[in-house]
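Engineer: Our numbering applies: residue 58 is where the sequence shown begins, and numbers increase by one.
This is the structure I want to talk about, given as structure tokens.
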Amino acid sequence: MGELSDRELGMKRNITRRDFLNGVAVTAGAALMPWHLLAAGQPEQSPDYYPPALTGLRGSHPGSFDAAHSLRDGTFWDTAGAPQDTGESYDLIVVGGGISGLSAAHFYRKTAGANARILILDNHDDFGGHAKRNEFRVGDAFRLGFGGTFSIESPAPYSKEARGLIEELGIDVASYPRYHDAKLYRSLGLRSKIFFDKETFGADRLVASPLSFNGGEKDYIASGKAEEWKQLLAEAPLAPQAKSDLDRLRNEAKDYLPGLSSMEKKAKLARMSYASFLRDVVTVHEDVVKVYQAVPQPLFGVGIDGVSAQDAWGLDLPGFAGMKLDPAPGKGMNRDAIPNEEAEKYFFHFPDGNASIARLLVRKLIPDAIAGSSVGDVVLAKANYAKLDSSASPVKIRLNSTAVRVKHVGDAAAAKEVEVAYARGGKVFTARAKNCILACWHVVIPYICEELPQKQRDALASAQKVPLLYTNVALRNWTSFQKLSTNAVYAPGCYHTRVALDLAVSIGGYECARKPDEPIVVHMMKTPCKPGRPAREQHSAGRIELYNTTFETMERKIREQLARTLGAGGFDAARDIAAITVNRWPHGYAYEYNSLFDSFWLEGGETPCEVARKTFGRIAIANADAGAYAYTDEAINQAWRAVGELKS
Ligand SMILES: Cc1cc2nc3c(=O)[nH]c(=O)nc-3n(C[C@H](O)[C@H](O)[C@H](O)COP(=O)(O)OP(=O)(O)OC[C@H]3O[C@@H](n4cnc5c(N)ncnc54)[C@H](O)[C@@H]3O)c2cc1C
58 MGELSDRELG MKRNITRRDF LNGVAVTAGA ALMPWHLLAA GQPEQSPDYY
108 PPALTGLRGS HPGSFDAAHS LRDGTFWDTA GAPQDTGESY DLIVVGGGIS
158 GLSAAHFYRK TAGANARILI LDNHDDFGGH AKRNEFRVGD AFRLGFGGTF
208 SIESPAPYSK EARGLIEELG IDVASYPRYH DAKLYRSLGL RSKIFFDKET
258 FGADRLVASP LSFNGGEKDY IASGKAEEWK QLLAEAPLAP QAKSDLDRLR
308 NEAKDYLPGL SSMEKKAKLA RMSYASFLRD VVTVHEDVVK VYQAVPQPLF
358 GVGIDGVSAQ DAWGLDLPGF AGMKLDPAPG KGMNRDAIPN EEAEKYFFHF
408 PDGNASIARL LVRKLIPDAI AGSSVGDVVL AKANYAKLDS SASPVKIRLN
458 STAVRVKHVG DAAAAKEVEV AYARGGKVFT ARAKNCILAC WHVVIPYICE
508 ELPQKQRDAL ASAQKVPLLY TNVALRNWTS FQKLSTNAVY APGCYHTRVA
558 LDLAVSIGGY ECARKPDEPI VVHMMKTPCK PGRPAREQHS AGRIELYNTT
608 FETMERKIRE QLARTLGAGG FDAARDIAAI TVNRWPHGYA YEYNSLFDSF
658 WLEGGETPCE VARKTFGRIA IANADAGAYA YTDEAINQAW RAVGELKS
């Protein structure tokens with residue numbers, strides 16, 4: 058991206074970042090994980106085992122996916138050796154320790170009783186699935202970041218069951234304004250900006266943005282204030298025609314599809330990307346398309362080339378003011394694009410995102426593992442990983458364990474038990490249970506559960522995942538942000554298309570940074586999409602890109618981007634960066650159906666996720682994939698359904 062040298066960028070600085078460079082421990086500076094204990098048995102029992110404090114490449118971290126990928130490639134059983142029987146017998150085995158798996162265990166205990174024996178397996182070194190916690194220490198300051206799931210929020214209202222669980226965990230969603238200092242950044246004169254990069258727009262320039270972006274994951278575009286539009290049009294390095302088209306797009310209330318009814322217009326818009334709408338219908342300069350290109354990425358994992366114009370209308374993107382569209386949602390709209398006032402009010406962000414929900418669930422399941430009793434005190438409570446898989450507890454969470462085969466013992470219709478084989482520390486073990494819930498990613502299930510009907514396996518395999526990169530950079534201070542009057546930057550042409558200071562949330566004794574000379578976490582987001590191709594193809598190409606990019610390459614891109622964006626504010630990447638944690642999610646959001654690429658979504662009828670989630674004998678299927686809906690509430694809803702479908 059730029060011409061700054063490695064030395065200027067601080068690539069050689071001994072920050073707490075290189076502890077797990079692509080899986081190999083190479084430097085000190087942060088706690089090193091006792092991986093050598095894995096082959097011997099129980100690294101989690103070591104007092105040094107504490108994943109939230111690890112920096113470097115996290116999310117789907119090195120070592121977490123080898124067994125699953127080897128299964129996919131058909132090589133796993135060549136070298137696995139015969140499974141060793143643990144002799145363990147459970148009421149329920151759950152595959153997947155994300156919110157769905159943890160919720161399933163919780164719901165199951167409510168019907169089967171607190172003494173029900175449950176084993177939860179997860180291939181990662183930490184629980185929570187996408188809901189992951191990142192911790193940083195910078196000098197005396199302790200800072201939290203969200204490594205995945207940002208907040209309690211959903212485009213549609215939470216169901217009775219999902220809301221009930223949130224309440225049972227003690228989270229009072231309505232109390233959120235008490236913890237969030239919503240005025241902090243504004244009181245310091247900070248606001249959203251756009252960074253135009255020279256590779257895409259011909260010059261590096263940071264300009265006031267009328268496109269609202271609050272630093273969250275699901276930020277929406279808004280029309281912005283007149284003053285910001287004026288500044289954008291004056292300062293942006295855009296062609297004069299592009300500026301005049303931007304102005305026209307915003308102000309012109311033209312019906313671009315005259316002579317059609319609202320329904321006919323929506324049907325057309327549902328089959329045309331927003332990029333095509335801008336380019337071919339509104340006929341704007343190509344720079345305008347580039348400005349908007351990355352806007353929907355946080356929601357859909359693709360840009361405006363992969364989002365329908367109808368969805369863009371729902372998201373309040375410009376161009377529809379004169380179209381006289383009936384406000385009711387159109388056929389084939391993505392649920393993210395259907396505004397819902399009640400849902401919008403239901404929002405809560407913990408400093409570690411929904412990792413706090415995962416931690417509250419773990420506390421309910423295994424009280425010894427996370428001390429305390431309130432929602433507030435969970436924020437600072439240190440999890441005791443040695444207690445997760447303890448013989449003293451009826452519920453066990455076994456990390457670093459990939460389920461590799463799930464099958465009924467005997468014929469599925471009559472079987473009384475399911476046997477689950479899992480890989481851990483280079484060995485394969487088996488355990489049995491009366492029932493099993495697969496709360497893992499649907500694409501994995503056909504490889505581990507071969508007895509499912511072919512139609513169901515095909516539907517499961519079609520559950521594409523949306524790749525994402527959630528990067529947290531701990532800075533020693535944020536004076537450069539203050540000097541440049543910004544807290545959140547939209548960067549449509551850069552590696553990370555969003556850069557934002559952490560939301561100012563203080564809760565349960567945790568204090569966020571309030572003064573620019575204090576350490577802070579900066580969150581950066583990337584969706585590795587390949588514009589122009591169908592969404593599913595973009596996601597699989599992006600997934601490969603994420604797996605193939607080294608941490609060193611990502612680190613250089615992070616440092617360059619921050620240096621170029623914030624350099625004029627005095628930012629020095631070599632001096633100011635204290636730690637970097639890149640949360641790599643090649644298998645990120647559940648794929649949500651898209652009217653541009655999924656004809657069934659427009660036509661109606663049974664969707665692939667309904668076929669995929671059918672219970673088979675004693676094996677039920679949960680995960681957000683089961684609802685094709687990338688939200689925490691869906692992970693909970695599907696857990697609830699799966700538990701309800703289990704045989705007694
Ligand atoms: C980066 C990111 C940000 C998000 N932000 C939000 C947000 O702000 N708000 C919101 O509501 N939703 C958000 N979502 C979506 C939300 O996180 C998910 O819908 C929800 O947490 C999914 O939970 P889950 O348990 O269904 O799946 P996951 O969290 O993916 O958990 C499934 C677990 O199963 C494991 N697994 C897979 N295969 C195996 C195997 N063979 N053996 C053992 N374990 C296995 C996986 O590794 C994973 O740990 C976000 C998602 C991502 C990726």
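Beta carbons: idealized from backbone N, C-alpha and C, even for Gly.
Which ranges would you report for the beta strand (DSSP E) in the region 161–245 if only whole runs of at least 3 residues count?
Structural biologist: 175–178, 190–195, 198–203
Engineer: State the Cα-Cα distance for the pair L263 and R243, rounded to the nearest angstrom.
Structural biologist: 18 Å
Engineer: With DSSP as the reference, identify every bridge partner of Y349, one or two as the case may be.
Structural biologist: Paired residues: none, contrary to the question.
Engineer: So, P643 versus S157, is the Cβ gap smaller than 8 Å?
Structural biologist: Contact flag unset, no.
Engineer: Measure the CB-CB distance between A265 and Q298 and report whether it falls below 8 Å.
Structural biologist: Against a cut-off of 8 Å, the Cβ pair of Q298 and A265 comes out as no contact.
Engineer: Within 8 Å, do at least three Cβ pairs link the region 97–105 to the region 588–595?
Structural biologist: no
Engineer: If you draw a straight line from the C-alpha of G371 to the C-alpha of P396, how long is it?
Structural biologist: 7 Å
Engineer: Please check if any C-beta of chain D sits within less than 8 Å of the C-beta of M390.
Structural biologist: No chain D appears in this structure, which consists of one protein chain only.
Engineer: Taking only the alpha-carbon atoms, compute the straight-line gap between A188 and K255 and give it to the nearest angstrom.
Structural biologist: 35 Å
Engineer: Look at the alpha carbon of P108 and the alpha carbon of R115, and state the distance between them as a whole number of angstroms.
Structural biologist: 9 Å
Engineer: CA-CA distance, A400 and S208?
Structural biologist: Approximately 13 Å, taken between the alpha carbons.
Engineer: With C-beta atoms as the reference, is K522 less than 8 Å away from V500?
Structural biologist: yes
Engineer: Rounded to a whole number of angstroms, what is the C-alpha to C-alpha distance between H406 and F252?
Structural biologist: 26 Å
Engineer: From C506 to K491, what does the alpha carbon distance come to, in whole angstroms?
Structural biologist: A direct Cα-Cα distance of roughly 16 Å separates C506 from K491.
Engineer: Write down every uninterrupted run of the beta strand (DSSP E) in the region 429–466 whose length is 3 residues or greater and which is fully enclosed by it, in chain order.
Structural biologist: 452–455, 459–465
Engineer: Once you ignore the five residues that flank A696 on each side, which residues in its own chain have a CB closer than 7 Å to its CB?
Structural biologist: S157, S160, A161, F164, A496, A679
Engineer: Is I251 helix, strand or coil by DSSP?
Structural biologist: Looking at I251 - three-state DSSP - the assignment turns out to be strand.
Engineer: Among V341, R70, Q102, R462, which one has its Cα closest to the Cα of G131?
Structural biologist: When each option's Cα is compared against that of G131, the closest is R462.
Engineer: If you drop the 5 nearest sequence neighbours on each side, which residues of the same chain put their C-beta closer than 7 Å to that of R657?
Structural biologist: It is worth fixing the name first, because residue 657 is Phe in this sequence and not Arg. Closer than 7 Å at the Cβ level, and outside the excluded window around F657, lie T664.
Engineer: Would you check whether ligand 1 has a heavy atom nearer than 7 Å to the C-beta of H181?
Structural biologist: yes
Engineer: Going by C-alpha to C-alpha distance, which of E612, K587, R613 sits closest to E602?
Structural biologist: K587
Engineer: Taking 8 Å as the cut-off, does the region 410–420 touch the region 347–354 (at least 3 CB pairs, one atom from each stretch)?
Structural biologist: no
Engineer: Since G389 and L659 are thought to touch, with beta carbons under 8 Å apart, how far apart are those beta carbons, to the nearest angstrom?
Structural biologist: Between L659 and G389 the Cβ distance is about 4 Å, and since that is below 8 Å, they are a contact.
Engineer: Is the closest heavy atom of ligand 1 to the C-beta of V151 under 7 Å?
Structural biologist: Taking 7 Å as the cut-off, the C-beta of V151 does not count as close to any heavy atom of ligand 1.
Engineer: Cβ of I156 within 7 Å of any heavy atom in ligand 1?
Structural biologist: yes
Engineer: Do you know whose CA, among E609, P234, V556, V152, lies nearest V530's CA?
Structural biologist: V556
Engineer: Compute the Euclidean distance between the alpha carbons of T206 and V639, then round it to the nearest angstrom.
Structural biologist: 14 Å
Engineer: In angstroms, rounded to a whole number, what distance separates the CA positions of N441 and L422?
Structural biologist: 13 Å
Engineer: Please classify N694: does DSSP put it in a helix, a strand, or coil?
Structural biologist: helix
Engineer: According to DSSP, simplified to helix, strand and coil, what is E60?
Structural biologist: It is coil, neither helix nor strand.
Engineer: In terms of alpha-carbon separation, which member of A213, V348, Y403, S232 lies closest to G259?
Structural biologist: Closest by alpha carbon: V348.
Engineer: Could you tell me whether any non-hydrogen atom of ligand 1 is closer than 7 Å to the CB of G205?
Structural biologist: yes
Engineer: Can you name, in chain order, every residue of its own chain whose Cβ lies under 8 Å from the Cβ of R336, other than the five neighbours on each side?
Structural biologist: Once the five neighbours on either side are set aside, the close Cβ partners of R336 are E343, V346.
Engineer: Considering just the uninterrupted stretch of the alpha helix (DSSP H) at I564, what are its terminal residues?
Structural biologist: No alpha helix (DSSP H) holds I564; DSSP gives it neither H nor E.
Engineer: Compare the beta carbon distance of K484 and Q141 with 8 Å and say whether it is the shorter of the two.
Structural biologist: Contact annotation: K484 and Q141 have beta-carbon atoms nearer than 8 Å.
Engineer: Can you check the region 358–415 for any alpha helix (DSSP H) of at least 4 residues that lies completely inside it and give the ranges in chain order?
Structural biologist: As far as the region 358–415 is concerned, its whole alpha helix (DSSP H) runs of at least 4 residues are 366–371, 398–402.
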